[in-house]
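Heads up: the structure comes next, in structure tokens.
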Amino acid sequence: MSISGELEVRPETQTLSRIFQGSAIDVELYPSFTISLTEKKLPVVQCMMQNTLRDILQLAASNSPMCMDTSSANIDRIKSICHPSDYDDLQREESLGRILGELQPRTVLPGGPLSAPDGSTLQDINIFLSTSDSQSVESPPMETGILETELGPVVNMDPGIQGSAHSAGKTLEATTESKRTVLVLGKTQAGKSSMIEQLRKYSNPNHIIDQSRLGNGNRSRTDSIEHFSIHSNLLPCEVFEPATGTTYDIQKLGERADESEFFRLLGGHERDFVVRTALEDTDISPSDLVEFCLVDTPGLNDTDHRSVDMAEKFVQEILATRSFNLILIVVSAESALTREYRTELEYYSKVLQELHSNVAFVYTHVDYADSHHSNTKHHASMAMRHMAFSKVFRGVPDSTPAEDVELYKHFAIDLHPRKRPVVLGIFRNTLRDILYLAAENSPVVLDTSQENIQRIMDLPHPDKANQEHRGRMRVLAAVALQPSQVGEVGRPLLEEVRGSDASPAASMATVSTDSGDAEDFVPLESMEVDRVDIHGH
């Protein structure tokens, strides 16, 4: 393994050893292995994988067996330990109970007696595997395997080279706080799911981007709310130029006065620059791993007109989760702030009105080549865009002076960066800055009182009126195309839509604006309509 690879693994081993031993100091590192279980058909890779498996078995063969204390006192001690998921379940049940008005006390059933093992002599090598998979919903039954193998001499395993983290001027203090929750929402195809996939890859370089989760065109692939758990020690990266021995602070690259130097670094190839983890003095301990829960939501302003259903799921999610360290609103730098998009943002702003202190915007589809300070047009455009979105989400009039608007924190990122070392370094540090903000923020907790829940439920979603309007237009269109096919069930609906007008051929559809004026007249024959059963079948 390379030095950089060992530096990535070392903090995880140290943190897990500290947690498992329950000690903050004098931690004795456990033996550790690294393995890729996705076998590639390359001789060297296969050999490394087989040797790692052999080393695991070799450690089991060389260890003396440890016997579990099955005394009554120890059994009672184990049974009295509360599993952490009980707290999560309790919080979720209480939240849902408030929503339904049926909050009931939690009942814990006593567990059955533990059976002690028989007194037979250990004959086989037993290996207990404990997995940690945040995506699994239920745990499979435990299995025991007996292996027979011929092992060579035991190899002395070096725990690795110890490194320390450089945090670009900031060091995240070690904390016992539980996982940080990051809620992600934004317009369809703004890049929500893409950013979450990239955050997962930042925390685990071996993660393979799930292309099936990424949408195309104007249709979102995210149909339901999804949770993803990641762990990271939030190490920043830096760029090193071997030819000159220079290390570059890519955090402030856009502020460089020399424009030619800026573009030289930005366009540099792998043969010229190296992206590496930023290091500091070895006497500084690396930050502990921080756990994040990323909550991906369906896209706003969906072209399939599912916004109302998705909003209901969103409300149920925030009422159940309650606590958020960061609420990210993902906006494409290329998309316009349309009237429909604006009204939907205003709706979610009112839903989240108590949580605005932890709201931040992420502008995607930004070209890093535009970030140099000499590009005043780009920076002015981004500033105007952020001002507009901040006004909408703050709920202040457009005429409000800029100095009276409290801007949200924001980031700019290119989710499809070029394979250039400096560009990738900026990209990774931006992802790190987003997670760092979530780790640094104190959680904001949603008020789940009956009054606030009722307030949220009473908020009218802007697409509800649009759905009713579209339904009426479909009825008129169906009647215009087949006026003789109106049945007894369909006639009252037709009269309700058209009023007293009995001439289907003369029917015209009006599109109303917010001011109530008729904006346009569209002949029904030119409308694209769905099939409507006006007979009631």
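Residues in the sequence shown are numbered consecutively from 1, following the UniProt record's numbering.
All C-beta atoms in this analysis are idealised placements derived from N, C-alpha and C, irrespective of residue type, glycine included.
I believe residue 55 touches residue 33 by the beta-carbon criterion, under 8 angstroms. Please report the beta-carbon distance rounded to the nearest angstrom. Along the sequence shown, read from residue 1 onward, the residue named residue 55 stands at position 55. Along the sequence shown, read from residue 1 onward, the residue named residue 33 stands at position 33. With 8 angstroms as the limit, residue 55 and residue 33 qualify as a contact, their Cβ atoms being about 6 angstroms apart.
Straight-line CA distance for residue 50 to residue 438? Numbered from 1 along the sequence shown, position 50 holds the residue referred to as residue 50. Numbered from 1 along the sequence shown, position 438 holds the residue referred to as residue 438. Cα to Cα, the separation comes out at about 40 angstroms.
Measure from the alpha carbon of residue 464 to the alpha carbon of each residue in 250, 452, 310, then state which is nearest. Locating residue 464 in the sequence shown gives position 464, where the first residue counts as 1. When only C-alpha atoms are compared, the closest one is 310.
Cβ-Cβ distance between residue 416 and residue 386 below 8 angstroms: Numbered from its first residue, the sequence shown carries residue 416 at position 416. Numbered from its first residue, the sequence shown carries residue 386 at position 386. Result no, Cβ atoms of residue 416 and residue 386 do not sit closer than 8 angstroms.
Buried or exposed by the 16-neighbour rule on C-beta atoms within 10 Å, applied to residue 42: One-based indexing of the sequence shown puts residue 42 at position 42. Residue 42 comes out exposed.
Residue 208 versus residue 201 - alpha carbon distance: Locating residue 208 in the sequence shown gives position 208, counting from the first residue. Locating residue 201 in the sequence shown gives position 201, counting from the first residue. Each residue's Cα considered, the two are about 7 angstroms apart.
Should the stretch 266-278 be called in touch with the stretch 439-446, which here means at least 3 C-beta pairs below 8 angstroms? no
Residue 395, buried or exposed, once every other Cβ within 10 Å from all chains shown has been counted against 16: Mapped onto the sequence shown, residue 395 falls at position 395. That one is exposed.
If I follow the unbroken alpha helix (DSSP H) through residue 410, where does it start and stop? The residue given as residue 410 occupies position 410 in the sequence shown. Residue 410 -> not in any alpha helix (DSSP H); beta strand (DSSP E) instead, spanning 409-412.
Do the stretch 396-408 and the stretch 242-251 meet, that is, are 3 or more Cβ pairs less than 8 angstroms apart? no
Can you check whether the CB of residue 275 is closer than 8 angstroms to the CB of residue 237? Here residue 237 corresponds to residue number 237 of the sequence shown, with the count starting at 1. Here residue 275 corresponds to residue number 275 of the sequence shown, with the count starting at 1. Cβ distance < 8 angstroms, so residue 237 and residue 275 count as in contact.
Three CB pairs or more closer than 8 angstroms across the stretch 315-323 and the stretch 358-378: no
Considering just the uninterrupted stretch of the beta strand (DSSP E) at residue 327, what are its terminal residues? Looking up residue 327 in the sequence shown gives position 327. Segment 326-332, the beta strand (DSSP E) holding residue 327.
CB of residue 240 within 8 angstroms of CB of residue 422, strictly: One-based indexing of the sequence shown puts residue 240 at position 240. One-based indexing of the sequence shown puts residue 422 at position 422. Not a contact, by the Cβ cut-off of 8 angstroms.
Comparing alpha-carbon positions, which option in 185, 390, 48, 291 lies nearest residue 403? Locating residue 403 in the sequence shown gives position 403, counting from the first residue. Cα-wise, what sits closest to residue 403 is 390.
Take every Cβ of the stretch 341-359, pair it with every Cβ of the stretch 372-381, and state whether three or more of those distances are shorter than 8 angstroms. These segments do not touch.
Buried versus exposed call for residue 37 [16 or more other C-beta atoms within 10 Å across all chains shown]: Counting from 1 along the sequence shown, the entry for residue 37 is found at position 37. Exposed: under 16 other Cβ atoms inside 10 Å.
Report all residues from its chain with a CB closer than 6 angstroms to the CB of residue 48; omit the five preceding and five following residues, and keep chain order. Locating residue 48 in the sequence shown gives position 48, where the first residue counts as 1. Closer than 6 angstroms at the Cβ level, and outside the excluded window around residue 48, lies no residue.
Go ahead and label residue 363 buried or exposed: buried means 16 or more other beta carbons lie within 10 angstroms of its beta carbon, across all protein chains shown. Locating residue 363 in the sequence shown gives position 363, counting from the first residue. Per the 10 Å Cβ criterion, buried.
What ranges does the alpha helix (DSSP H) occupy inside the stretch 180-207, keeping only unbroken runs of at least 4 residues that lie completely in it? 192-203
How close, in whole Å, do the beta carbons of residue 250 and residue 426 come, if the pair is a contact with beta carbons under 8 angstroms? Counting from one through the sequence shown, the residue named residue 250 turns up at place 250. Counting from one through the sequence shown, the residue named residue 426 turns up at place 426. Between residue 426 and residue 250 the Cβ distance is about 5 angstroms, and since that is below 8 angstroms, they are a contact.
Is the beta carbon of residue 424 less than 8 angstroms from the beta carbon of residue 15? Reading the sequence shown from its first residue, position 424 is the one you call residue 424. Reading the sequence shown from its first residue, position 15 is the one you call residue 15. Their beta carbons are not under 8 angstroms apart, which means residue 424 does not touch residue 15 by this criterion.
How about residue 294 and residue 196: are their beta carbons less than 8 angstroms apart? Taking the sequence shown and counting its residues from 1, one reaches residue 294 at position 294. Taking the sequence shown and counting its residues from 1, one reaches residue 196 at position 196. In this structure, residue 196 lies closer than 8 angstroms to residue 294 by Cβ.
Inspect the beta-carbon positions of residue 351 and residue 456 and report whether they are closer than 8 angstroms. By one-based count along the sequence shown, residue 351 stands at place 351. By one-based count along the sequence shown, residue 456 stands at place 456. Taking 8 angstroms as the Cβ cut-off, residue 351 and residue 456 qualify as a contacting pair.
When you compare each of 307, 270, 75, 259 to residue 419 by their alpha carbons, which one comes out closest? Indexing the sequence shown from 1 puts residue 419 at position 419. The option with the nearest alpha carbon to residue 419 is 270.
Distance check for residue 380 and residue 190, CA to CA, integer angstroms please. Reading the sequence shown from its first residue, position 190 is the one you call residue 190. Reading the sequence shown from its first residue, position 380 is the one you call residue 380. Residue 190 and residue 380: Cα-Cα distance of roughly 21 angstroms.
Just to confirm before moving on: does the CB-CB distance between residue 232 and residue 435 stay below 8 angstroms? Position 232 of the sequence shown, counted from the first residue, corresponds to residue 232. Position 435 of the sequence shown, counted from the first residue, corresponds to residue 435. Yes; because the gap between Cβ atoms is below 8 angstroms, this pair is in contact.
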